[in-house]
Amino acid sequence: MLYRPALVAPVRGRFAPTPSGYLHLGNAVNFVLTWLLVRQAGGSLHLRIDDLDRARLRPAYLANIFHTLDWLGLDYDTGPRNPADFDQHYSQLHYLSDYQSLLEQLRQQPGLVYACTCSRTDILALAPDGRYPGTCRHRHLPLSTPGAAWRVHVPDTAEVSFSDGWQGPTTVKLSHNLGDFVVRKKDGYPAYQIGSIIDDLRLGTTLIVRGADLLPSTAAQLWLAHQLPTTAAFNATRIHFLHHPLLPGPDGHKLSKSQQQPLERGVVAQAEGPQVVYRAVAQLLGLPPEAGLSLESLQQSCP
Ligand SMILES: [Zn+2]
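Going by our numbering, the first residue of the sequence shown is number 30, and it counts up by one from there.
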C-alpha cells in the first residue's frame, strides 16, 4: 500500500498549510505522512504556506502552523522558521508578479479566460451542489469589470489521468468535478490553483501528498499547467501525487478546520498529545497499533 517515492530522485516534498483556521487532525496526519515519505526517501522538505486567502488569514492561525509542526516533532529543510520570517521572506505576496504573469499568459489564450460577476448566492440558486453552471461564459464581460472573478472555460471533454501513489490509476472528469474554476478572485488576488502551480514549480517539488478531497484541485492544476509551455513542467510524470483517504469526523463526515475539537486551538490542544496523530497515521497505513506510539516507531515500521 505504501508509496515508494524513492523511484524518483531527488525527492522534494512540501508541507502546504493555509493560515485560514487552526490546523485539525486531518492536517496533522497529512504532515506526518508527508514527512515519513520524504524522510524514508532521503529527500528534502520545504514549508510552503499558502496565504493568498487574505480575507480569512489571521496571525494566530499562522503561528499555529509553526506550533503544530513543533508539537508533532517534524523537521523541515527549507522555508520560514517563524511568522516574522514568513512575512519577511516567504509570503506569497512576494511572488504576486509571478502569479500575475501566469494569469496574463492564460488571458492571452483564445477563449480560455472569462469574467464572472456571479455571487455565491447566484451560483447556489442555479446549482445546489455549488458547481458553477457557466452563467457568464457567453456574456463576454471585459476582464477589467470591477469586482469580477476570472474563470477558465473547462471543456466538457476535459479529463485528467495520472497514476496516483495511493489511489492507483486515476481519471478526473474536470467539467463534472469542478466546472469552470476561478483563477483570479474578485479581490484581484490570484486563486489558490495559480499560487500552488507557480510555487511548486519554483520549489522544484517532485512529491505532493494531499487528502483525497483535493483530487479535483490536483486535476485542475494539471489541466491548467498543460495549457501553457511555461508551466508544462507541472505534470504527473515529473511530480508524483499521493492522495490519502480523509479521516472521518465524529459524525462520519470529513473533518474541516471549523469542526476541529476543541475549537479554540486545533489539534495541538489534544490532551493526549501527538500520539493521537501518530496512531491515526499507523491506522491509515495499515500498520500495527504499536507503530503509532511515536514518530520513531512509525518511521521504523514503514517498509
Ligand atoms: Zn458568472
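We treat Cβ as the ideally placed atom computed from N, Cα and C, and that holds for glycine.
Bear in mind that the values here come from a model prediction, so they are computed numbers and not experimental data.
Fill in: Rounded straight-line distance, which links the Cα of R180 to that of E188
18 angstroms
Discussion item. Runs of 3 residues minimum, wholly inside the region 112-173: which ones carry the beta strand (DSSP E) assignment?
Written reply: 142-145
Discussion item. Please report the distance separating the alpha-carbon of S323 from that of V201.
Written reply: 36 angstroms
Fill in: Coarse secondary structure for G55, derived from DSSP in three states
G55 falls in the helix class under three-state DSSP.
Worksheet item: In terms of alpha-carbon separation, which member of L74, R43 and A92 lies closest to S362?
Response: Outside the displayed range of the chain (30 to 332) lies residue 362, so it cannot be described from this structure.
Discussion item. Ligand 3 and T146: does any heavy atom of the ligand fall closer than 7 angstroms to the residue's C-beta?
Written reply: This structure does not include ligand 3; its bound ligands are ligand 1.
Worksheet item: What residue range is occupied by the uninterrupted beta strand (DSSP E) comprising V297?
Response: Counting along the chain, V297 falls outside any beta strand (DSSP E), and DSSP gives it neither H nor E.
Worksheet item: ligand 1 heavy atoms versus the CB of C165: any closer than 7 angstroms?
Response: It does: the Cβ of C165 is within 7 angstroms (strictly closer) of some heavy atom of ligand 1.
Worksheet item: Which class does Q289 belong to by DSSP, given the choice of helix, strand or coil?
Response: Bear in mind that a pLDDT of 49 at Q289, under 50, signals an unreliable position, so the model cannot answer this.
Practice prompt. Give the secondary structure of D99 by DSSP, where H, G and I count as helix, E and B as strand, and everything else as coil.
Written response: helix
Fill in: Same chain, Cβ closer than 6 angstroms to V305, neighbours up to 5 away in sequence not counted
Excluding sequence neighbours, V305 sits near Q299.
Worksheet item: Bridge partners of V238, per DSSP?
Response: Paired residues: L271.
Practice prompt. Could you spell out where the alpha helix (DSSP H) holding A248 opens and where it closes?
Written response: L244 to H255
Fill in: Three CB pairs or more closer than 8 angstroms across the region 264-271 and the region 149-169
Short answer: they don't touch.
Practice prompt. Ignore the nearest five residues each way along the sequence and tell me which others in L246's own chain have a CB closer than 7 angstroms to its CB.
Written response: Correcting the residue type first, residue 246 is Ser in the shown sequence and not Leu. Closer than 7 angstroms at the Cβ level, and outside the excluded window around S246, lie Q222.
Worksheet item: Mapping DSSP to helix, strand and coil, what is G224?
Response: helix
Worksheet item: What separation, rounded to the nearest whole angstrom, lies between the Cα atoms of G108 and A45?
Response: 11 angstroms
Worksheet entry | Pairwise C-alpha distance: G159 and S126 | 30 angstroms
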